[in-house]
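These notes concern the structure reproduced below.
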Amino acid sequence: MPRRLLAPLLGVLAGLLLAAGPAHAQRDPAARADYLRTQNRTEQATAVKRYVLEELRKREMGSSAGQRVRTANFFSFVLTVSGVTLDVIERLEDRDVDVIHAITAQSRPLMEQALLADLVAVGRITAVDTTTALADEHAYGLTVAVETPLKGTVPADTLLIRQKERISTRSPDPTPEVGERFLFLASNGLYRYYAWKGGEAPADSVLRRRYSIYRRYRLRDGRLLWRDQTRQQTQRAFQRVRTLDRWLRSWTGP
Numbered sequence: 003m004p005r006r007l008l009a010p011l012l013g014v015l016a017g018l019l020l021a022a023g024p025a026h027a028q029r030d031p032a033a034r035a036d037y038l039r040t041q042n043r044t045e046q047a048t049a050v051k052r053y054v055l056e057e058l059r060k061r062e063m064g065s066s067a068g069q070r071v072r073t074a075n076f077f078s079f080v081l082t083v084s085g086v087t088l089d090v091i092e093r094l095e096d097r098d099v100d101v102i103h104a105i106t107a108q109s110r111p112l113m114e115q116a117l118l119a120d121l122v123a124v125g126r127i128t129a130v131d132t133t134t135a136l137a138d139e140h141a142y143g144l145t146v147a148v149e150t151p152l153k154g155t156v157p158a159d160t161l162l163i164r165q166k167e168r169i170s171t172r173s174p175d176p177t178p179e180v181g182e183r184f185l186f187l188a189s190n191g192l193y194r195y196y197a198w199k200g201g202e203a204p205a206d207s208v209l210r211r212r213y214s215i216y217r218r219y220r221l222r223d224g225r226l227l228w229r230d231q232t233r234q235q236t237q238r239a240f241q242r243v244r245t246l247d248r249w250l251r252s253w254t255g256p
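Quick note on the numbering used here: the sequence shown kicks off at 3 and runs consecutively.
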């Protein structure tokens, strides 16, 4: 896509990136900065922000300097809480993985999307909870039995994946139902931010099993319905995510 078309995309992408999560995180930079300080991650996030900002400038992306700063602030937070530090970014570059493309392109391969989630796994929905009121800025949760992990450490067989709001009935992706299988891309790091911001202080044994959703893609007959992928295409995409997971584990430890 030409750069002149990529530039305006940055203005809307940060608002749409994680409709179920970070779109809201984007609106409160002061809270994000405070949270990073409590986690002793300010230095890590600052290094990532400088990298992203410089790359956006060099590639002439963004409608203004202010827009580039806002984009860099937002995505440096998301990357940092997902465990993607500057050291990781540099190693990914050595393997021809373009992190800037992963956070700016309108259409991205699954492997790039996985950079913005600390858990990628196939799971079956066992419950849809629309009544639980938790102080985490999410509206409902999906109880998910994990079947096939692709990236990240799965803390338990069953997880609670929280979402901001139910998808509209007019959406081409209708509300998930019990028994359906999805590929979930989710973030425990981001969920912990929302729990902190909401003043909730559950035990770590509880927090580690809760995630903010990033993306979910339906699976049917062994293939992703996203982009009407075939079984072979689905398996290749899964293998690339496994490769990313293997790289990250070798660089950062389990």
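For every residue, glycine included, the Cβ atom is placed at its ideal position computed from N, Cα and C. Note that the coordinates shown come from a computational prediction; the quantities given were computed from them, not determined experimentally.
Nonlocal neighbours in the same chain, by C-beta distance under 7 Å from residue i, ignoring five residues either side
{"i": "Ser78", "result": "Ala47, Val50, Lys51 and Val54"}
{"i": "Arg59", "result": "Arg70"}
{"i": "Val101", "result": "Ile91, Leu94 and Leu117"}
Rounded C-alpha distance that separates residue i from residue j
{"i": "Val243", "j": "Ser66", "result": "34 Å"}
{"i": "Gly68", "j": "Glu45", "result": "22 Å"}
{"i": "Ile43", "j": "Ser84", "result": "Position check: residue 43 holds Arg in this sequence, whereas Ile was assumed. Arg43 and Ser84: Cα-Cα distance of roughly 12 Å."}
{"i": "Phe186", "j": "Val124", "result": "6 Å"}
{"i": "Pro157", "j": "Arg251", "result": "16 Å"}
{"i": "Arg39", "j": "Glu57", "result": "25 Å"}
{"i": "Thr232", "j": "Leu162", "result": "29 Å"}
Residue i - partner residues in DSSP beta bridges
{"i": "Asp131", "result": "Gly143"}
{"i": "Ile163", "result": "Leu144 and Tyr213"}
{"i": "Gly125", "result": "Val148 and Phe184"}
Residue i classed as buried or exposed, judged by whether at least 16 other C-beta atoms fall within 10 angstroms
{"i": "Val180", "result": "exposed"}
{"i": "Gln165", "result": "buried"}
{"i": "Pro31", "result": "exposed"}
{"i": "Ala27", "result": "Here the model assigns Ala27 a pLDDT of 49, short of 50, so the residue's position is not dependable, and the following value carries that caveat. Counting Cβ neighbours within 10 Å, Ala27 comes out buried, since at least 16 surround it."}
Test: residue i CB closer than 7 Å to a CB of chain D
{"i": "Ala123", "result": "The chain inventory of the structure shown lacks chain D, comprising one protein chain alone."}
Residue i in three-state terms, based on DSSP
{"i": "Thr254", "result": "helix"}
{"i": "Ser78", "result": "helix"}
{"i": "Val54", "result": "helix"}
{"i": "Arg97", "result": "coil"}
{"i": "Glu182", "result": "coil"}
The ligand HEM heavy atom lying under 6 Å from the CB of residue i
{"i": "Arg164", "result": "Looking for the ligand HEM in the displayed structure turns up nothing, as the structure carries no ligands at all."}
Contact set for residue i: own chain, Cβ-Cβ below 8 Å, skip 5 residues either direction
{"i": "Asp159", "result": "Ala147 and Val148"}
Beta-carbon proximity list for residue i, same chain, < 6 Å, skipping 5 on both sides
{"i": "Ala129", "result": "Thr145"}
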